[in-house]
Every structure is written in structure tokens, then in C-alpha cells.
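Going by the numbering used here, the residue at position 339 of the sequence shown is 446; the numbering climbs one at a time, nothing skipped. The C-beta atom is built at its ideal place from N, Cα and C for all residues, glycine as well. Data first, discussion second: the structure below is written as C-alpha cells.
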Amino acid sequence: MTAELRALAARNTVTVPMIGLGYSGTVTPPVIRRNVLENPAWYTAYTPYQPEISQGRLEALLTFQTMVADLTGLPVAGASLLDEATAAAEAMTLLRRAGRSRSARFVVDADTLPRTVEVLATRAAPLGIELVVADLSAGLPEGELFGLLLSYPGASGAVADPRGLVEEAHARGGLVAVAADLLALTLLTPPGELGADAAVGTTQRFGVPLGFGGPHAAYLSVREQHARQLPGRLVGLSRDADGNPALRLALQTREQHIRREKATSNICTAQVLLAVVAACYAVHHGPDGLRRIAQRAHRMAAVLAAGLRAGGVDVVHAEFFDTVQARVPGRAGAVVDAAHAAGIALRLVDADTVGVACSEVTTVAHVEAVWTAFGVGADTAALDAGTADALPAALARTSDYLTHPVFHEHRSETSLMRWLRRLADADLALDRTMIPLGSCTMKLNAAVEMEPITWPELADLHPFAPAADAAGTLAMITDLERWLAELTGYAAVSLQPNAGSQGEFAGLLAIAAYHRSRGEGHRDVCLIPASAHGTNAASA
Ligand SMILES: Cc1ncc(COP(=O)(O)O)c(C=O)c1O
């Protein structure tokens with residue numbers, strides 16, 4: 108088995124990821140890879156429904172929530188969602204539930220990640236939501252709205268001040284969610300301080316391998332008054348039977364099983380393991396370490412842009428965090444190919460425009476190789492000395508974050524290892540015993556399945572890398588689809604859904620589309636056995 112997997116992995120071509128689009132190169136600190144990602148004490152643990160046997164991972168998830176709340180400047184953050192795109196869709200339905208507006212219009216910044224817009228469209232249609240995707244550089248489109256989604260930075264890399272749009276939306280009775288890059292928020296004023304009602308995004312670049320697109324923990328944080336509307340799980344501090352402080356899932360615990368079709372979402376299992384990895388990354392680096400990683404990524408982008416400009420290349424945006432777009436009329440494809448030949452993956456925005464995203468793993472050599480691909484050359488050190496930051500001064504972050512001692516006490520490997528061990532020792536997971544959980548099926552991935560996920564050939568592949576670079580991974584995906592179709596007796600299988608609940612939802616949407624295709628779109632009754640898992644009713 109391992110030899111076969113190795114052979115498939117070897118068919119991938121891993122390039123330096125400078126594509127962006129919400130996925131960034133990052134370093135998984137080996138102390139976290141070994142003590143969490145590759146440790147059965149953490150990866151065999153299940154959703155912490157039973158606080159008595161989950162105090163360790165509840166504390167790790169509380170650390171995740173604190174990290175998100177601090178960085179986004181919004182007081183209440185959940186314990187992870189499935190991915191950025193579906194998290195944005197959850198934010199859309201949350202704003203609709205929480206707001207007073209009766210409008211069915213949800214306005215989305217055109218400079219939003221393309222896959223987020225696609226998933227919003229899939230989710231909006233069956234709920235009767237009218238999605239309005241518009242260029243907001245000249246303000247909001249006419250008309251009413253119940254909600255607005257802004258991107259900060261935009262998918263293009265541009266950093267625009269959202270305050271005016273937030274005020275306009277509020278003036279029209281709408282609520283605002285901001286899709287924000289958590290690492291950028293170590294340098295930029297957070298959405299909560301800019302008037303946003305919710306913030307959403309991914310924590311992938313906090314040490315979680317790219318993995319050709321996932322899994323990664325997404326986040327959603329909100330104002331206090333919207334806490335009861337949060338989808339997924341939320342960890343809270345309580346007291347145990349002896350009056351001692353103890354953690355437990357709060358508010359929507361087991362929500363699908365209890366509230367079924369009235370649940371705020373169909374999310375049961377979220378991304379606990381990946382959320383723990385991202386939280387540990389913040390514990391490992393601390394606020395100053397994260398700020399340093401962010402500043403370095405920004406400097407790489409600023410110097411790269413200065414070198415392009417010096418070489419006569421038109422850089423589209425003056426203000427950006429880690430991603431720049433360069434216009435090279437008619438030769439964007441050639442530039443991307445030249446960079447690929449040098450082992451670097453760039454984003455082909457269109458025939459005239461190339462996107463270049465810097466990150467924690469970007470080096471000066473990568474910047475110089477990108478210049479060469481554009482046909483320009485520059486003296487990096489001299490440019491660095493003479494190039495100002497390209498972040499808007501008016502948006503420079505002044506508030507503190509990650510002030511809790513947990514982000515300061517475990518900065519040595521020994522201390523972090525012992526903290527992780529103490530947490531794991533507080534838990535019961537499948538590495539010790541069977542966990543009797545009445546509501547959900549126990550699932551255990553074998554070690555031979557878990558081992559490959561940290562192999563660089565599989566872990567370091569960007570989801571938008573050219574398909575030829577992912578030959579091995581794509582072969583695995585195609586094999587699995589074929590095998591599952593054979594096993595289940597169906598014609599075709601989609602592996603897009605990233606949880607059982609999302610599979611239910613995808614299946615129901617396919618059935619609804621089938622009825623519509625036969626002129627029977629009026630069918631809207633779904634029978635669910637009372638014994639079925641709660642997510643089935645919530646998905647319906
Ligand atoms: C029978 C059954 N259906 C649905 C689900 C929901 O799947 P997920 O938690 O992956 O969304 C579960 C989860 O345990 C399950 O056991």
C-alpha cells in the first residue's frame with residue numbers, strides 16, 4: 108500500500124506556491140506536525156461533545172477561538188468551520204437570520220475569491236437569496252440589501268478601506284461580513300474595529316499544509332449579539348460538579364440532533380484537528396512571531412512590486428498586503444510558464460495579468476526568479492532599502508492581540524510539547540479506548556492513510572497548481588470516485604463535500620435539480636427517518 112502511494116505521490120510536481128487565491132505557503136513547525144498532526148492522541152479524538160473526556164481539545168479549541176476573536180476584533184468566535192467558501196455562505200445566512208432587513212439581496216464585493224462566489228451562488232438559490240456581485244470601488248449598488256460581504260485584502264491582493272461601505276450598508280439596514288486574511292490582521296486594523304458585524308476566512312496559512320486544497324479550518328467570528336446564531340460548535344467556560352472551572356461546548360451543542368430542521372446550520376463535524384494545528388501555530392510563534400512573518404511576507408511583495416515597476420511593468424494596485432497583480436499585455440501566459448519552468452507557480456488572472464502571492468515560505472531567490480520570468484532584473488537589497496511599505500497607513504493596526512498568557516508561555520519546543528501532552532492526557536480518544544457517542548458514527552483513519560498527508564509531494568501542492576503538477580493526487584481522486592461508485596452501485600461520485608452533512612446537502616441539491624429538469628420543481632417535501640442523524644434534517 109505505502110509503495111503504491113509513494114509511486115502516485117511521486118507523479119506530482121511540487122512548485123513554490125505563489126498563486127494565492129486564499130491558499131498560502133506556510134511552514135508546519137515540526138513540533139506541531141509530530142505532536143499533533145501525526146499523533147493518534149490528537150487525530151483519533153472526536154468532536155468534543157462529552158466535556159468529561161475532552162478537556163484537552165476543548166482548551167485547544169478555546170485557544171483557537173481566542174486567536175480568531177483577537178485577530179478579527181470581534182468578541183465571539185466559533186471552534187472552526189469546514190472551509191472559507193462554505194463559511195462565507197454560513198455568514199450570509201447568519202446575517203439574514205440576525206438582521207432586521209426583509210430584503211432578499213446579498214451584495215458581494217467583486218474582488219472576492221472566485222470559489223467563495225460560486226459556493227454563495229449554490230447556497231443562495233434554494234434559499235431565495237438574490238446574490239449581487241459588484242465592483243464596489245465606487246460604492247454600493249442602488250437598492251436595499253440584508254447583507255454585504257467584503258474582502259480584506261481582496262482576491263486581487265488590493266487592500267481597500269472598508270469603512271465607507273460598512274457605513275453605507277448599515278445605513279440601509281444591512282449587516283456586514285468581512286472575509287479577512289488572519290495573518291494580514293496582525294498588521295491591519297481588524298474588521299471588528301471597522302464596524303463589521305462578522306468576519307470569516309481560513310486559518311490554512313497558520314501552519315496547515317496546503318494539501319491540494321484541504322482540509323483546513325475556517326473561522327467565523329461575530330458581535331456578541333449574534334452569538335446564538337453561530338453555526339458549528341462553540342467552546343465556553345463553565346464549572347464542573349465540584350465547582351471547578353471546566354470547559355464544555357456551549358449554546359448550539361448537538362444542535363442538529365436537538366433542533367433538527369430548525370438548526371442554524373447542518374455542520375456537525377467541523378475541522379477540529381486542523382483548528383488545533385492553527386491554534387498551536389499561534390501559540391508557537393506568539394503575537395510578535397506572527398507579526399514578523401506577516402511583515403516579511405509584505406516586504407517580499409513590496410520589493411517584488413518595486414522591482415517590477417523599475418523594470419517598466421505595470422503593477423495594478425498601490426496598496427496590498429502579500430499579493431500583487433502585474434499587467435503584461437498579451438504575455439501573461441508566457442510569464443507564468445517561464446516561472447513554472449523555474450519551479451514557481453504564479454496565478455494566470457487573464458491573458459494580460461499575472462498574480463504573485465508572497466508568504467512565509469517566500470525567499471529572495473523566489474522574488475528574483477519571478478523578476479526573471481517577467482524579464483526584469485533588480486538589486487534586491489538596494490530596492491529593499493529604498494522601498495516603503497505598501498499597506499495603507501490609515502489602516503495600520505494599533506490594538507493588541509494574542510495577549511493571553513497561552514500565546515506567550517510555550518515559545519520553547521519543550522514547553523509547547525509538554526503543553527500538548529498535558530492536553531492530550533486530559534482526553535480519551537480512540538488511541539486509548541472506544542468512545543461511546545450515541546449521535547455520531549465513530550470513524551478511525553488507519554495510520555497507513557494518515558502517514559501520506561504530511562509527505563511534501565502531497566502536502567505542499569497548491570489546489571490551483573496546473574493539473575499536470577497534480578497527476579498523482581488526481582489519479583488517487585479518480586480511483587476513489589470509481590471505487591466508491593462501484594461499491595455503492597451508483598453511476599458517479601463527487602468528492603467535493605467535505606463532511607457527511609455536506610454530502611447530504613449535495614445529494615439533496617442534485618435531487619432538487621433532477622425534479623426541476625423534469626418540470627417538477629414544485630416538489631419540496633423531504634421525508635427523514637426520525638432515527639436519522641440530525642444533520643439530515645438540517646441539510647434538508
Ligand atoms: C450516520 C451519520 N450521518 C451523518 C453524519 C454527519 O457527518 P459529518 O459530521 O461528517 O457532517 C454523521 C456524523 O457522524 C453520521 O454518523
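The C-alpha of residue 564 lies about 14 Å from the C-alpha of residue 450. Counted as a single uninterrupted DSSP element, the stretch harbouring residue 451 is not any alpha helix (DSSP H) but the beta strand (DSSP E) occupying residues 451-457.
For the set 150, 204, 387, 501, the Cα lying nearest the Cα of residue 135 is the one of 387. Taking all protein chains in view, the Cβ of residue 153 is crowded by 16 or more other Cβ atoms within 10 Å, so the residue is classified as buried. Around the CB of residue 150, 16 or more other CB atoms lie within 10 Å, so the residue is classed as buried. In the DSSP assignment, residue 418 is bridged to no other residue. Burial of residue 341 is indicated by the presence of at least 16 other C-beta atoms within 10 angstroms of its C-beta.
The nearest non-hydrogen atom of ligand 1 is 7 Å or more from the C-beta of residue 447. Residue 611 and residue 416 have their C-alpha atoms spaced approximately 50 Å apart. Within the same chain, 522 come within 7 Å of residue 516 by CB-CB distance, once the 5 residues on both sides are set aside. Looking at 180, 567, 217, the one whose alpha-carbon comes closest to that of residue 307 is 180.
In the three-state reduction of the DSSP assignment, residue 467 falls in the coil class, being assigned neither a helical nor a strand state. By the C-beta density criterion, residue 137 is exposed, having fewer than 16 other C-beta atoms within 10 angstroms. Look at residue 462 here: in three-state DSSP terms it is strand. Judged by DSSP in its simplified three-state form, residue 315 adopts coil rather than helix or strand. Residue 477 is a Cβ neighbour of residue 411, given a cutoff of 8 Å.
Straight-line measurement puts the Cα of residue 445 at about 40 Å from the Cα of residue 377. Just so you know, the alpha carbons of residue 511 and residue 175 end up roughly 13 Å apart.
Looking at the DSSP output, residue 603 bridges to nothing. Residue burial is scored here from C-beta neighbours: residue 230 has at least 16 other C-beta atoms within 10 angstroms and is therefore classed as buried. Distances from the CA of residue 120 to each of 585, 550, 566, 607 were compared; the closest alpha carbon is that of 566. In this structure, residue 646 sits near residue 373, with a CB-CB distance shorter than 8 Å. Residue 150: member of the alpha helix (DSSP H) spanning 147-150, first to last residue. Where residue 125 is concerned, there is no enclosing alpha helix (DSSP H), although the beta strand (DSSP E) around it starts and stops at 123-125.
In the structure shown, residue 585 falls within a helical segment according to DSSP collapsed to helix, strand and coil. With a cutoff of 8 Å on beta-carbon distance, residue 133 and residue 467 are scored as near each other.
When the beta-carbon positions are compared, residue 172 and residue 185 come within less than 8 Å of each other. By the Cβ-count criterion, residue 603 is exposed, with fewer than 16 other Cβ atoms from all chains shown falling within 10 Å of its own Cβ.
Spatial neighbours of residue 380 in its own chain (CB-CB distance under 7 Å, excluding positions within 5 residues in sequence) are listed in chain order as 149, 150. At least one heavy atom of ligand 1 lies closer than 7 Å to the C-beta of residue 608. Secondary structure note for residue 212: its beta strand (DSSP E) is the uninterrupted segment 212-216. Our two residues, residue 614 and residue 398, have alpha carbons roughly 43 Å apart in a direct line.
Comparing alpha carbon positions, the residue from 456, 309, 294, 532 closest to residue 166 is 532. Residue 506 sits away from residue 331, with the two beta carbons spaced by 8 Å or more.
Only residues of its own chain outside the window of five on either side were considered, and among them 246, 247 have a CB closer than 8 Å to the CB of residue 275, listed in chain order. In this structure, DSSP gives residue 344 an extended state, which the three-state scheme calls strand.
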